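Colleague:
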Amino acid sequence: MTKNVYWSPLIIILLLLALVVAISQLVIKKSDQTPLQQATDASHQKHYEWRMVTTWPKGLPGLGLAAENFARIVEQSSAGRLKVKVYGAGDLVPALGVFDAVSSGSVEMGHGAGYYWKGKIPASPFFTSVPFGMNAQEMNGWLFYGGGLELYREAYAPFNLMPFPAGNTGVQMAGWFNKEINNIADIKGTKMRIPGLAGEVWNRAGGVAVNIPGGELYTALQTGVIDATEWVGPYNDLALGFHQVAKYYYYPGWHEPGPTLELLVNKEAFESLPADLQSIVETTARAINQDMLDEYTARNNAALKTLISEHGVQLKQLPKEVLAELRKHADEMYSEFAQKDPFFAKVYENYREFADQAAQYHDISEQAYYQAN
46 MTKNVYWSPL
56 IIILLLLALV
66 VAISQLVIKK
76 SDQTPLQQAT
86 DASHQKHYEW
96 RMVTTWPKGL
106 PGLGLAAENF
116 ARIVEQSSAG
126 RLKVKVYGAG
136 DLVPALGVFD
146 AVSSGSVEMG
156 HGAGYYWKGK
166 IPASPFFTSV
176 PFGMNAQEMN
186 GWLFYGGGLE
196 LYREAYAPFN
206 LMPFPAGNTG
216 VQMAGWFNKE
226 INNIADIKGT
236 KMRIPGLAGE
246 VWNRAGGVAV
256 NIPGGELYTA
266 LQTGVIDATE
276 WVGPYNDLAL
286 GFHQVAKYYY
296 YPGWHEPGPT
306 LELLVNKEAF
316 ESLPADLQSI
326 VETTARAINQ
336 DMLDEYTARN
346 NAALKTLISE
356 HGVQLKQLPK
366 EVLAELRKHA
376 DEMYSEFAQK
386 DPFFAKVYEN
396 YREFADQAAQ
406 YHDISEQAYY
416 QAN
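Read in order, the letters of the sequence shown correspond to residues 46 to 418 in the numbering used here.
1) Who pairs with V310 in a beta bridge, going by DSSP?
2) Is the Cβ-Cβ distance between A181 and L338 less than 7 Å?
3) Alpha carbon to alpha carbon, how far is V105 from F389?
4) Within a Cβ cutoff of 7 Å, which residues of the same chain sit near K292, ignoring the five residues on either side of it in sequence?
5) Using the Cα positions of M97 and K103, report the straight-line distance between them to the nearest angstrom.
6) Taking only runs of the beta strand (DSSP E) that begin and end inside the region 88-127, which ones reach a length of at least 3 residues, in chain order?
7) For G159, does the three-state DSSP call read helix, strand or coil?
8) Along the chain, where does the beta strand (DSSP E) that runs through W276 open and close?
9) Kindly indicate which three-state DSSP category A84 falls into: helix, strand or coil?
10) For T329, which residues in the same chain have their Cβ closer than 7 Å to its Cβ, ignoring the five residues on either side in sequence?
11) Would you be able to state if there are at least three C-beta pairs under 8 Å between the region 227-237 and the region 353-369?
12) Given this structure, state the Cα-to-Cα distance separating A420 from Y415, to the nearest angstrom.
13) So which of E327, L306, Q384, Y341 has the shortest CA-CA distance to H156?
14) Throw me the rounded Cβ distance for the T99 and G142 pair, which I believe falls under 8 Å.
15) Using CA atoms only, rank isn't needed, just tell me which of L110, M237, L318 is closest to I333.
16) Between G244 and V255, what straight-line distance do the alpha-carbon atoms span, to the nearest angstrom?
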């Protein structure tokens, strides 16, 4: 015979209160999480597979490998939650089709250089490099601490793009020539691959500027489509074999003293990522930005020695009077373009002000140190 269990109203009330308290503690614990924690919890299981197109031949030392390194680090840092497949120039889109592909959302990311898009954004070359502009150290200072990045993103926002600095080669070489440049007259009629605002300066000096992707330069120089080309510097130029089709190698790189490469991200795609993956993309881009500069600093001199000692390349300095004439044309160009385009003027003013301040200090720091040795 079983006994009936009697539950007093008091016991029932106490049990119900205990249950309510337990549920409340779970709710409070959840509500105490930060927005980042809540977003991470909600999306931690979601994986993203993105595509990156580039303006460089796949696997090209320095430029091309930067994109590969970015993809590798992002995948490792995100524990595989964000995977990026890299395509070289021409694999999915033409080299100079990167901007439009990312802007339209056809792909999520691209790696290239801002001065390729000056037809769409006249001020875009400032975010790569401009004639007689800032070097790599100064560019990084301007972009990250001088207002440059804010202007950069303002310029690209109408195109549904988020740009990130993502590489720098340091001061480049002036380029490869099939004839000597002894005076400004030698530039006249010379067809040279030289993009950005430097191409405008070259035209004003009497040359003929053309813009050809890097993967096509060897053949163009070999067949006489162009008489000269600039690319990057010894590390890349040796890999592309320009010493086989041109005799004279000129310096200094007046046209690109601090060329910053860019990571382009489709804005909608970027905003679809949880906050932690957005941070991984931004942090990795900055790491790649510095890593590329370190790599070129380490590799260029050895490559130059190989070009000279093993391949008989003739290293030459551009005459001072040629540089002075090019600089005069550059200054005139900046003034004219600023008068025509208010945003160009806005960027140029900010850029020039920072450059002047950096140069004043570098006169008694880097410059003085070099002169002392």
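Positions of the beta carbon are idealized from the N, C-alpha and C atoms, including for glycine.
All of these numbers come straight from a predicted model, not from anything done at the bench.
Modeller: If we stick to the structure as given:
1) As a position in the sequence shown, residue 310 is number 265, starting the count at 1. Partner(s): M154, M207.
2) Within the sequence shown, numbered from 1, the residue matching residue 181 stands at position 136. Within the sequence shown, numbered from 1, the residue matching residue 338 stands at position 293. It is a contact, given that the beta carbons lie within the stated cut-off.
3) Reading the sequence shown from its first residue, position 60 is the one you call residue 105. Reading the sequence shown from its first residue, position 344 is the one you call residue 389. First, the residue type needs correcting, since residue 105 is Leu and not Val in the sequence shown. It is roughly 32 Å from the alpha-carbon of L105 to the alpha-carbon of F389.
4) One-based indexing of the sequence shown puts residue 292 at position 247. N223, Q359.
5) Mapped onto the sequence shown, residue 97 falls at position 52. Mapped onto the sequence shown, residue 103 falls at position 58. For M97 and K103, the distance between alpha carbons rounds to 11 Å.
6) Runs of the beta strand (DSSP E) inside the region 88-127: 93-99.
7) Along the sequence shown, read from residue 1 onward, the residue named residue 159 stands at position 114. Helix, per DSSP.
8) Position 231 of the sequence shown, counted from the first residue, corresponds to residue 276. It is not in any beta strand (DSSP E) - W276 carries neither H nor E in the DSSP assignment.
9) Taking the first residue of the sequence shown as position 1, residue 84 is located at position 39. Note that A84 has pLDDT 48, beneath the 50 cutoff, so the model's placement of it is unreliable and the number below is only indicative. Here A84 sits in helix by DSSP.
10) Stepping through the sequence shown from its first residue, residue 329 is reached at position 284. Around T329: F115, I118, V119, S122.
11) Three or more Cβ pairs drawn from the region 353-369 and the region 227-237 lie within less than 8 Å of each other, which places the two stretches in contact.
12) As shown, the chain starts at 46 and ends at 418. That puts residue 420 outside it, with no answer to give.
13) Residue 156 sits at position 111 when you count from the first residue of the sequence shown. Residue L306 is the option with its Cα nearest to H156.
14) Against the sequence shown, residue 99 aligns to sequence position 54. Against the sequence shown, residue 142 aligns to sequence position 97. The Cβ separation is near 11 Å, so there is no contact.
15) One-based indexing of the sequence shown puts residue 333 at position 288. It is L110.
16) What you label residue 244 is simply residue 199 of the sequence shown in a count that begins at 1. What you label residue 255 is simply residue 210 of the sequence shown in a count that begins at 1. Our two residues, G244 and V255, have alpha carbons roughly 7 Å apart in a direct line.
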